[in-house]
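Worksheet for the structure shown next.
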Amino acid sequence: MTDQFFKVQENGQTLTYKEAIEYSLKLFGFIIGCNIIGFSLKFYTRMHATKIALTLSFKIRNKLFYSFLLMKENDINKIGISSINNRLTNDLNELQNTLINTFTFLFERIAVTICCIVYSLILSPLLSLIYPIILAVVILFSFYANKKSYKYYIESNKSLDGTNRVMRENIVGNKIIRSFSLLDEQSARFEQYNKKWNINVLKGDNLIYSIFVFILVIINTLTVFLLIIGGVVNYNQYFFGGTKISIGLLVAFINYLWETIFAVSSMFEVYVSFNRVKPIFKRVKEILNSNKENIDQTNENQKIQNYEIVLQDVNFKYENDSSWILEDINVKFEKNKIYGLIGPTGSGKSTLINLICNLYDVEHGSISIGGIDYKNLNQKNIRDNISISFQEKLIYQGTFKSNILMGKNDATDEEIKTSLIQAQAYDFVSKKGGVDEIVSEKGLNLSGGQKQRLSLARAFIKQANILILDDSLSALDNVTRDKVIATIKKDFKDKTIIISGQQIKTISFADEILVFNKGKIIDKGNHNHLLKKCILYKDIYDSQKTIGE
Numbered sequence: 001m002t003d004q005f006f007k008v009q010e011n012g013q014t015l016t017y018k019e020a021i022e023y024s025l026k027l028f029g030f031i032i033g034c035n036i037i038g039f040s041l042k043f044y045t046r047m048h049a050t051k052i053a054l055t056l057s058f059k060i061r062n063k064l065f066y067s068f069l070l071m072k073e074n075d076i077n078k079i080g081i082s083s084i085n086n087r088l089t090n091d092l093n094e095l096q097n098t099l100i101n102t103f104t105f106l107f108e109r110i111a112v113t114i115c116c117i118v119y120s121l122i123l124s125p126l127l128s129l130i131y132p133i134i135l136a137v138v139i140l141f142s143f144y145a146n147k148k149s150y151k152y153y154i155e156s157n158k159s160l161d162g163t164n165r166v167m168r169e170n171i172v173g174n175k176i177i178r179s180f181s182l183l184d185e186q187s188a189r190f191e192q193y194n195k196k197w198n199i200n201v202l203k204g205d206n207l208i209y210s211i212f213v214f215i216l217v218i219i220n221t222l223t224v225f226l227l228i229i230g231g232v233v234n235y236n237q238y239f240f241g242g243t244k245i246s247i248g249l250l251v252a253f254i255n256y257l258w259e260t261i262f263a264v265s266s267m268f269e270v271y272v273s274f275n276r277v278k279p280i281f282k283r284v285k286e287i288l289n290s291n292k293e294n295i296d297q298t299n300e301n302q303k304i305q306n307y308e309i310v311l312q313d314v315n316f317k318y319e320n321d322s323s324w325i326l327e328d329i330n331v332k333f334e335k336n337k338i339y340g341l342i343g344p345t346g347s348g349k350s351t352l353i354n355l356i357c358n359l360y361d362v363e364h365g366s367i368s369i370g371g372i373d374y375k376n377l378n379q380k381n382i383r384d385n386i387s388i389s390f391q392e393k394l395i396y397q398g399t400f401k402s403n404i405l406m407g408k409n410d411a412t413d414e415e416i417k418t419s420l421i422q423a424q425a426y427d428f429v430s431k432k433g434g435v436d437e438i439v440s441e442k443g444l445n446l447s448g449g450q451k452q453r454l455s456l457a458r459a460f461i462k463q464a465n466i467l468i469l470d471d472s473l474s475a476l477d478n479v480t481r482d483k484v485i486a487t488i489k490k491d492f493k494d495k496t497i498i499i500s501g502q503q504i505k506t507i508s509f510a511d512e513i514l515v516f517n518k519g520k521i522i523d524k525g526n527h528n529h530l531l532k533k534c535i536l537y538k539d540i541y542d543s544q545k546t547i548g549e
């Protein structure tokens, strides 16, 4: 339309003042109308594009978290908690931003590019010959920069995992770091990973954004080049078959060219985002494709006739370990009996308990419950029948009540009270304000013994057929420990009970005690039998007796 004014002048036509005003108003109205329509369409499409991107991100985040909950312990240990945390937060935020950019800008800019090229061809097929050249150059350099920067983004993700790991270690071990004056050492560790991350990101971004500078140089160079071409064509019309390029046509073509280049730049930004999240796709996929626990509901209602646990020819080692953690384990845990596990640190007691709880898959041999192999049961079949208090006192932010209800979410107030009494926790919970009193993250407002008793109450309230205490009595004083043991013998006598411990007194009352050493069961029997027959058990007993235990 701009060109129409110049065509009128070139044909010798003269517009009256009134005609010029009317023509200008029509042109102005047309432009305003197009802008209103364009703005409305852009607002509608971007709103829905953002909604689609956020919905996808929401579903991916839920899927990823659900996959994490089902991951086998081996895969969790292999990837690392810090790396998983990064993938669930930073990586997904980066992915979300890329999805928003894609749905918001990519398709819009593709349409703009196509329209501009078509209009340019209509205006001047001769000048449009420049498009293949400029697009080829931009695309070629873009691919080159992205290929070179890809490795830096991979390394930056690894470095970010390192910074997250150091930060997590410092948060968890804050007391140790302060106590041993390790602030400088830990700051240096963090700075090392952070510096490495910064360098890799800078290298990758410098490569990418150098392309944008290159594009700006090309745009300005082409503008000058087109003006020169227009002048040459007009000056030598004879050599170009009488072709003439008007000023209006040249201005319009340059505008289309600029719009095309900026649209291509926007598409390049989206492409850059994809390049940055390409390593993230692999990291996310690693979690989604990790080994999952069996949640097949086919056998969910399968009845277990008895709760006898049998381990037959079990050998186990952690991934990448060369030596067996457990070797040649053959043992039967019968119902209505109490079993004790004892042995030096690292002898395999907790690993055996993890296998019974189906937290790890058995490498060799088999584990069965009620005569049914674990491989033929899903995790619900197994874990609904097991209640455990772990060696690590895991207390969650919330209230006393919310922590206990994790053992049985539909428990009544009376059941909660009973479990607290059984765990010798009712008195201190009452003094702190009752079951609705706030518990801080990791139970930092509780002592070690209080956290242990709260963990026991959570295990007791489930009333599962199999009760496992993994060194859960060690943090209790002698009087409290003896009361808890008396409760176990009285209130849980119809259960299969497995108790591991470092102290003889925590397991001496068991019907059968298994003595572990270097991943093997070297002897078994009751307390009196082992004192007479097992040298290691007698040594442990004597050492603890010597220090007053």
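So for the sequence shown, the UniProt record's numbering puts the first residue at 1; every next one is plus one.
Note that the Cβ used here is the ideal one computed from N, Cα and C, for glycine as well.
Predicted model, so just to flag it, every value in this text is computed and none were measured.
Spatial neighbours of residue i in its chain, beta-carbon cut-off 6 Å, leaving aside the 5 residues before and after
i, result
"Phe262", "none"
"Ser500", "Leu341, Lys349, Asp470 and Asp471"
"Lys317", "Trp324 and Ile325"
"Asp511", "Lys337 and Ile338"
"Ile211", "Phe141, Ser142 and Ala145"
"Leu216", "none"
Alpha-carbon spacing of residue i relative to residue j, whole angstroms
i, j, result
"Leu456", "Asp321", "32 Å"
"Leu467", "Asp410", "19 Å"
"Thr351", "Gly365", "15 Å"
"Gly348", "Gly204", "47 Å"
"Val172", "Lys292", "28 Å"
"Lys18", "Leu27", "14 Å"
"Ser266", "Glu108", "10 Å"
"Ala188", "Ile280", "27 Å"
"Ser508", "Lys151", "59 Å"
"Gln194", "Ser543", "Note on residue identity: the sequence assigns Asn, not Gln, to residue 194. Spanning the two alpha carbons is a distance of roughly 48 Å."
"Ile488", "Ile287", "40 Å"
"Ile498", "Met406", "21 Å"
"Asp427", "Glu334", "34 Å"
"Glu269", "Leu202", "16 Å"
"Ile521", "His527", "15 Å"
"Gly492", "Ser67", "The residue asked about is misnamed: residue 492 is Phe in this sequence, not Gly. Looking at the two C-alpha atoms, the distance is approximately 35 Å."
"Cys357", "Asn289", "23 Å"
"Glu250", "Leu25", "Per the sequence presented here, residue 250 reads as Leu, with Glu not at that position. Rounded to whole angstroms, Leu250 to Leu25 spans 24 Å at the Cα level."
"Ala136", "Leu129", "12 Å"
"Glu22", "Ile110", "35 Å"
Spatial neighbours of residue i in its chain, beta-carbon cut-off 7 Å, leaving aside the 5 residues before and after
i, result
"Phe460", "Ser419, Gln422 and Ala423"
"Phe143", "none"
"Arg283", "Arg87, Asp91 and Asn157"
"Phe274", "Thr98"
"Asp361", "Lys72"
"Lys401", "Ile416, Val435 and Asp436"
"Thr223", "Ile254"
"Ile177", "Asn170, Leu183 and Gln186"
"Phe214", "Phe141"
"Phe239", "Here the model assigns Phe239 a pLDDT of 45, short of 50, so the residue's position is not dependable, and the following value carries that caveat. Counting only Cβ-Cβ distances below 7 Å, and skipping sequence neighbours, we find nothing."
Opposing strand residues paired with residue i [DSSP bridges]
i, result
"Ile388", "Ile468"
"Val310", "Lys332 and Ser368"
"Leu514", "Leu341 and Lys524"
"Leu326", "Phe316"
"Met71", "Lys292"
"Ile438", "Thr399"
"Asp373", "Ser368"
Proximity test, residue i beta-carbon vs the ligand SAM heavy atom, cut-off 7 Å
i, result
"Leu226", "The ligand SAM is absent from the structure shown, which contains no ligands of any kind."
Where residue i sits in the DSSP three-state scheme
i, result
"Asn255", "helix"
"Phe28", "helix"
"Ile507", "coil"
"Gly398", "strand"
"Lys538", "helix"
"Ser57", "helix"
"Ile498", "strand"
"Val224", "helix"
"Asp321", "coil"
"Gln544", "helix"
Spatial neighbours of residue i in its chain, beta-carbon cut-off 8 Å, leaving aside the 5 residues before and after
i, result
"Asp384", "Ala464"
"Val166", "Gln186, Arg189, Phe190 and Tyr193"
(message) Does the contact criterion of 3 or more C-beta pairs under 8 Å hold for the segment 378 to 388 versus the segment 319 to 328?
(response) no
(message) So, does the segment 108 to 126 touch the segment 254 to 271, judging by three or more C-beta pairs under 8 Å?
(response) yes
(request) Check whether the segment 389 to 401 touches the segment 429 to 444, taking contact to mean three or more Cβ pairs, one atom from each stretch, closer than 8 Å. (result) yes
(request) Answer yes if the segment 533 to 542 comes into contact with the segment 497 to 517, meaning at least three C-beta pairs across the two stretches below 8 Å, and no otherwise. (result) yes
(request) May I ask you to verify whether the segment 28 to 44 touches the segment 66 to 82, counting CB pairs closer than 8 Å and requiring at least 3? (result) no
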